[in-house]
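Okay, so here's the structure we're looking at.
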Amino acid sequence: MFNIFKTFEKNELAEAEKTLVKINSLEPIIKNLQDFEIREYINRLTKQYQTEQNIHSILPESFALTREMSRRILGLRHFDSQILGGYVLNEGKIAEMKTGEGKTLVATLPVVLNALTMRGSHVVTVNDYLAKRDEQWMGQIYRALGLSVGLIQEGMDSNQRRRNYAADITYVTNSELAFDYLRDNMANSIDEIVQRPYNYCIVDEVDSILIDEARTPLIISEAQDIPIEKYVIADEITKYLKPEIHFKVDEKLKTITLTNLGIKQAEKLLETKDLYSVNDPWIPYIINSLKAQSLFLKETNYIVKDNEILIIDEFTGRIMPDRRWGEGLHQAIEAKEKVTIKQGSETLGSITYQNFFRLYPKLSGMTGTAKTAEAELQKIYNLPVVVIPTEKPVQRRDLTDLVYRDEYTKWKKIALHCEKLYKRGQPILIGTVSIEKSEIISQLLKDLQIPHQLLNAKPENIQREAEIIAQAGCYKAVTVSTNMAGRGTDIILGGNPEFRAEQQLKSLCVNLVKKQAIKNYNFSNLKTQLNPSRFKKLVYTLQFLKDIEIEQVLRNKAEKPTNNIQKSLRTIFQEFYKYNKYLSEKEKSLVKDLGGLYVIGTERHESKRIDDQLRGRSGRQGDPGMSRFFLSLDDNLLRVFSGETIKTLMNNLNLIDEALDAPALTQSLDNAQKKVENYFYDTRKQLFEYDEVLNIQRLAIFRERRAILEYKSVRPEIISYGEMLMLAFDLAIRTKTKKNLRREKQEIDYLLGLSLDIPMDKKLETPEETQEFLKQQFWIRYDLKEAEFESYSRGLMRLIEKNILLLEIDKNWKRHLQEIEILKDSIRWRGYGQFNPLSEYKKEGYNLFVETIQNIKYNSVYSLMKSRFS
């Protein structure tokens, strides 16, 4: 079977390998071209695509030109395996490439190719730091090829965003990209829109974004005035409710259920007869408060900073400053932590990542861990996964897991194992699942007097994330990290000489500002080929340089220095770099002899992919390395899923202070992870299926809204809506008796100033005549309204029409989102009545949407006809 799968994977790359031969055959020719000739070549390819509209015909030449420019500018020539990865990405697939195989460089190949369509390419990363780093680093290649590069960062204004989205290639985070999409579809003018139509997208760490972050939708909301006292009272009430007696916690499903005793106890304390009362419901507040107490833990799920609750992403370990839990949960946690309880909110717009990324005509992604999730990626996003062979064979040894009876023993054993490795000099990376656990091991290492770096979600640590991870492969380096583990930054054995050189240079510039410090600087100690006095002169030219200027000059190596200060900066950096590279190579040899980077996992994650990502930090590009997980029966995964079975086994073997080490155990843990992954897959699948109903409606509303923004006049639309309203009046007149026409009389009189008795005249006996009469009266009233507004200012009517229509769309769409959410919450109970909840949701969701569209049309007519200019 193994050979069959290998053959299948090889066949997937057969076409890519043929193309690789063509690309390599072009290399000798392209090497002889001047830089300006390469840019001219790129322009010819752009024109060729515009004529042929065939991207595959220009692929070999585009890839070859990009590889050559990368070699010249960055000194990095794409390996053959990277060319294969680029080919897979261009095919709209996911390229699975091991950590350290250079995915950042791989992306440049399809990004340039698809930018030649003149419709833009987006590279999506997981955070602002990586987006900025990659734009500055890879952007040198693009600019040298004559292409423009954009970068979207948090805090940018609309003009900056529009300019950067208009570039040939744009680097952006997943959240900024999706929120800009939602904001664009709430714009009141075409000039406010920042994005252009989507074309091609590469998602970096694709499994993290399209799977791990896809459980909850992205929501744009506005503050809503609701009483906060209930959150405080509920928090107090839950202190008198005991687990298993008054409520039950399902840690697998992360749900809370009140028992009958719990309901009675809560009702007694609140002095209410019904927790579920429609007029004064308490149950959502009590449930959320119990969740806050039992399932959402400080330093694991969130941190408290500056009187605010900040969510920790459970997969990356990073802070998500702009996110809040919905449905009152965030307020319940604020009440629990005694911080300011912020107002609730109502949804203005929302979308799931599943439906957002499917807006791209061509989507691809790259990661080190996606094959195990291929079924979901294929079904939801139509993204098959292709495993790209490594340039060098993987040398890492993944040792079997060790399981201890309790958490105390586990931590003690980890600390002692680290002490042993540290004394040898082997670098260690310790992965933890929460801030709390990272600080436990940090304290144990301090007790053993082992120097180490701590990297977790606390803001003071995040600022140094890349710097810490870059040096985690140094001799005797010990690094403690949460799941973030510096994804996107390679751990190079012996340390990263470029990072070291940059830090030394920045430190030197800081010392220049401190006059006293620079006087005592011993330039003769600097290991450079420059004469100390010459070096000193260069250094003094930098005293007015700022950190941001240093960064710009160092990142943009392709751009020639424009003044003496920049020349000095480059020269000094090169000297620092040469010496640090010499030290790093020497240290790398030593670390390799010691066995490479040793990765220690302190707990199995709910998703095996996260564990694989941690292991993958070791064994980069054929380097040696080791990984091992130290576990205990107190760990969440074992306790919830497999604890009793393993505990019985350990008792039978009489293992007290010793670890259980058996292949069967690893299989048991893998099965537990599969159970959790299947549960979360079902959660995401259900979210997708329900949001798919809303997505059809969302696209229809957004498409209509965009069309209105682009129209010079929406007069025909308003006239059409008015005629439809007249037909609705006629239908009501025909189907009701004279006694029941009171409402219709009032409506017609209100809108047209017309008595209902007139259309019932004997001369207007047929429905057609009545309809025509009502339409004529509407046209007359509309023309009078237009004349009224135009008398004040020419073109005013067209402006008011458009604004009213947009206002009604937004108002009714907001109400629709609220109603559809209520429907979704209530529809699931119909399963108990032998109804299919999803089918019922589709049917009733459609009816709600039809009603919303009708309200938009009719309310627009009413608003316009009754508006006044003053």
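Count the sequence shown with the numbering used here and you get residues 318 to 1187, in order. In this text, a Cβ means the ideal position worked out from N, Cα and C, and glycines have one as well. Here the structure is a predicted model, which means the values were calculated and not measured.
Taking residue i and residue j to be in contact with their CB atoms under 8 Å, please state how far apart those CB atoms are, rounded to whole angstroms.
i, j, result
"methionine 386", "alanine 461", "5 Å"
"proline 720", "serine 949", "Inspection of the sequence shows that residue 720 is occupied by valine rather than by proline. Sure, about 7 Å apart at Cβ, within 8 Å."
"isoleucine 603", "threonine 555", "7 Å"
"aspartate 445", "threonine 490", "6 Å"
"leucine 680", "leucine 694", "Going by Cβ atoms, the distance from leucine 680 to leucine 694 rounds to 10 Å, so no, they are not a contact pair."
"methionine 455", "threonine 421", "7 Å"
"isoleucine 1025", "phenylalanine 1046", "Not confirmed; about 25 Å, so no contact."
So, helix, strand or coil for residue i, using DSSP?
i, result
"aspartate 567", "strand"
"isoleucine 752", "helix"
"lysine 559", "coil"
"aspartate 623", "coil"
"valine 511", "coil"
"serine 949", "strand"
"glycine 682", "strand"
"threonine 490", "strand"
"leucine 350", "coil"
"isoleucine 469", "coil"
"glutamate 1168", "helix"
"methionine 386", "helix"
"proline 544", "coil"
"tyrosine 593", "coil"
"isoleucine 650", "helix"
"leucine 676", "coil"
"cysteine 826", "helix"
"asparagine 1176", "helix"
"aspartate 974", "coil"
"isoleucine 359", "helix"
"glutamate 902", "helix"
"aspartate 929", "helix"
"proline 980", "helix"
"proline 941", "strand"
"methionine 1077", "For methionine 1077, the predicted model reports a pLDDT of 48, less than 50, meaning its position is unreliable and no value from the coordinates is stated."
Please report how far the alpha carbon of residue i lies from the alpha carbon of residue j, in whole angstroms.
i, j, result
"lysine 1160", "valine 1010", "10 Å"
"leucine 954", "lysine 925", "11 Å"
"isoleucine 1126", "isoleucine 1139", "20 Å"
"proline 744", "valine 797", "11 Å"
"glycine 1192", "serine 1177", "Only positions 318 to 1187 of the chain appear in this structure, which leaves residue 1192 out of reach."
"phenylalanine 613", "alanine 989", "22 Å"
"aspartate 630", "isoleucine 636", "6 Å"
"leucine 761", "alanine 424", "41 Å"
"serine 1110", "aspartate 1100", "15 Å"
"arginine 1185", "isoleucine 1050", "29 Å"
"alanine 448", "tryptophan 599", "44 Å"
"glycine 942", "threonine 574", "46 Å"
"tyrosine 269", "methionine 683", "The shown model of the chain, from 318 to 1187, leaves out residue 269, and the question about it has no answer."
"glutamate 1136", "proline 601", "18 Å"
"glutamate 994", "glutamine 1151", "28 Å"
"leucine 558", "isoleucine 758", "34 Å"
"tyrosine 1175", "glutamate 1118", "13 Å"
"leucine 1081", "histidine 1133", "At leucine 1081, the pLDDT of 46 sits below 50, so the modelled position is not reliable; the number obtained from the coordinates is stated separately. Those two C-alpha atoms are separated by around 39 Å."
"aspartate 928", "serine 755", "16 Å"
"asparagine 881", "serine 465", "27 Å"
"glutamate 292", "leucine 337", "An answer regarding residue 292 cannot be provided, because it is not within the stretch 318 to 1187 covered by the chain."
"valine 566", "leucine 586", "21 Å"
"glutamine 351", "proline 706", "33 Å"
"phenylalanine 1106", "threonine 533", "46 Å"
Using a beta-carbon distance below 7 Å, is residue i in contact with chain C?
i, result
"glutamate 1125", "Absence of chain C from the displayed structure is noted, only one protein chain being present."
Tell me whether the segment 684-698 and the segment 908-918 touch, counting them as touching only if at least three CB pairs, one residue from each stretch, are closer than 8 Å. Verdict: no, contact absent.
Give a yes or no on contact between the segment 428-436 and the segment 377-392, applying the rule of three or more CB pairs nearer than 8 Å. They touch, by the three-pair rule.
Entirely within the segment 700-767 and at least 3 residues each: give me those beta strand (DSSP E) ranges in chain order. Listed in chain order, the complete beta strand (DSSP E) runs (minimum 3 residues) inside the segment 700-767 are 702-704, 712-715, 719-721, 745-748.
Segment contact, 8 Å Cβ cut-off, at least three pairs: the segment 1024-1031 with the segment 1116-1124: Here the segment 1024-1031 lies against the segment 1116-1124, with 3 or more beta-carbon pairs under 8 Å apart.
What are the complete alpha helix (DSSP H) segments, minimum 4 residues, inside the segment 1079-1139? Entirely contained in the segment 1079-1139, the alpha helix (DSSP H) runs reaching 4 residues are, in chain order, 1084-1107.
Touch test, the segment 664-683 against the segment 999-1014, Cβ-Cβ under 8 Å, three pairs minimum: Touching, per the Cβ criterion.
Starting from the N-terminal side, write out each stretch of the beta strand (DSSP E) that is 3 residues or longer and does not extend beyond the segment 405-467. Those beta strand (DSSP E) runs which fall completely within the segment 405-467 and span 3+ residues are 411-413, 438-442.
Cβ contact check for the segment 356-364 and the segment 390-407: 3 or more pairs under 8 Å: Because the criterion of three Cβ pairs below 8 Å is not met, the segment 356-364 and the segment 390-407 do not touch.
Determine, using beta-carbon pairs with one atom in the segment 573-591 and one in the segment 615-625, whether at least three such pairs fall under 8 Å. Judged by pairs of C-beta atoms under 8 Å, the segment 573-591 does not touch the segment 615-625, as fewer than three such pairs exist.
For the structure I just gave you, are there three or more beta carbon pairs, one from the segment 897-917 and one from the segment 732-746, closer than 8 Å? Yes, the segment 897-917 touches the segment 732-746.
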